[in-house]
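The structure appears right after this line, and notes come after that.
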Amino acid sequence: MELIVAVYDDWGIGKDGTQPVALSADRKFFRETTRGAAVIVGRRTIEDFPGQKPLPGRLNIALTRKGGEIPGFTVCSGPEEAVQAAKASPRAMVIGGGSIYRQMLPMCDTAYVTKVHCTPESDTFFPNLDTDPDWQLSQTLQSGEENGILYDICLYKRK
Ligand SMILES: NC(=O)c1ccc[n+]([C@@H]2O[C@H](COP(=O)([O-])OP(=O)(O)OC[C@H]3O[C@@H](n4cnc5c(N)ncnc54)[C@H](OP(=O)(O)O)[C@@H]3O)[C@@H](O)[C@H]2O)c1
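To convert, note that position 116 of the sequence shown is 115 in numbering that gives the first Met the number 0; the numbers rise steadily by one, no gaps.
So this is what it looks like as C-alpha cells:
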C-alpha cells in the first residue's frame, strides 16, 4: 500500500483541521497520483474536503468509529476493513490525516512526500521518515518554487 502527504520542514501536516500552507503544484501531483485509486481517509480530513464531498474518479474510503453513512464514501470501522474495501481498486493510497497516517504507515511500503519548505504552526504531524531506519529516500521526483516557497516531491521506500 502507498501513502501520500505534504509536510512542512518540521513534518507538520495541518492545523485546526486544515493545511495552513497548500501549494497548487502539490494538489496537482496529488490529483494525478491518486487518480483511479482507492483513497483511505479519516473522518476529520473529510471535513476539509470541498463541500465534504468525495474526491471524483477515486474509490473514497472513510474511516470512522461512529458508523452510519457518509454519502459517496465507503464507510469502514478500522484500517483492516479499509484495506479489504480498497481491493476493489487496482491501487490503494492512504491520504490522511494524522491519526490515519500513524496507524497505517506500518502497512505501507511507498510514500509520496511533498516537502513544503516552510514552517507554519502545526498541531498535527507525520512521522519523520528521514530519521526512521525503516525508510529511505528513493528519488526526488520534482522540485520547484511557488509563491516564494520551495518544494520537493520525494519518493520514499520501505527498506
Ligand atoms: N498535509 C497533508 O498531506 C494532509 C493530508 C490529510 C490531512 N491533513 C491534515 O491532518 C489533520 C487531520 O488529521 P487528524 O489526525 O486530526 O484526523 P484524521 O486522521 O483525518 O481523522 C480522524 C478520525 O478518523 C477516524 N478514525 C481514526 N482511527 C480510526 C480507526 N482505527 N478506526 C475507525 N476510525 C478511525 C475517527 O473518526 P470518528 O471521530 O468519526 O470516529 C477519527 O476522529 C488536518 O489538519 C488535515 O488538514 C494533512
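Don't be surprised by glycine CBs; every beta carbon is placed ideally from N, CA and C. From a predicted model like this one, the values you see are computed outputs, not experimental measurements.
- Contact check for T63 against Y111 fails: the beta carbons are separated by 7 Å or more.
- Using a Cβ distance threshold of 7 Å, I148 and Q141 do not count as a contacting pair.
- G66 and S76 have their C-alpha atoms roughly 7 Å apart.
- Contact annotation: I45 and Q51 have beta-carbon atoms nearer than 7 Å.
- Looking only at K156, F72, V20, F124, the smallest Cα-Cα distance to T139 is reached by K156.
- Taking 7 Å as the cut-off, the Cβ atoms of F125 and I12 count as close.
- Residue side-chain check: S98 places its Cβ nearer than 6 Å to a non-hydrogen atom of ligand 1.
- Counting the other CB atoms within 10 Å of its CB gives R57 a total of 16 or more, which places it among the buried residues.
- Under the three-state reduction of DSSP output, V82 falls in the helix class.
- Taking the Cα positions, D9 is about 6 Å away from T118.
- Counting every other CB atom within 10 Å of its CB across the protein chains shown gives K86 a total below 16, marking it as exposed.
- Buried is the label assigned to D25, since at least 16 other Cβ atoms lie within 10 Å of its Cβ.
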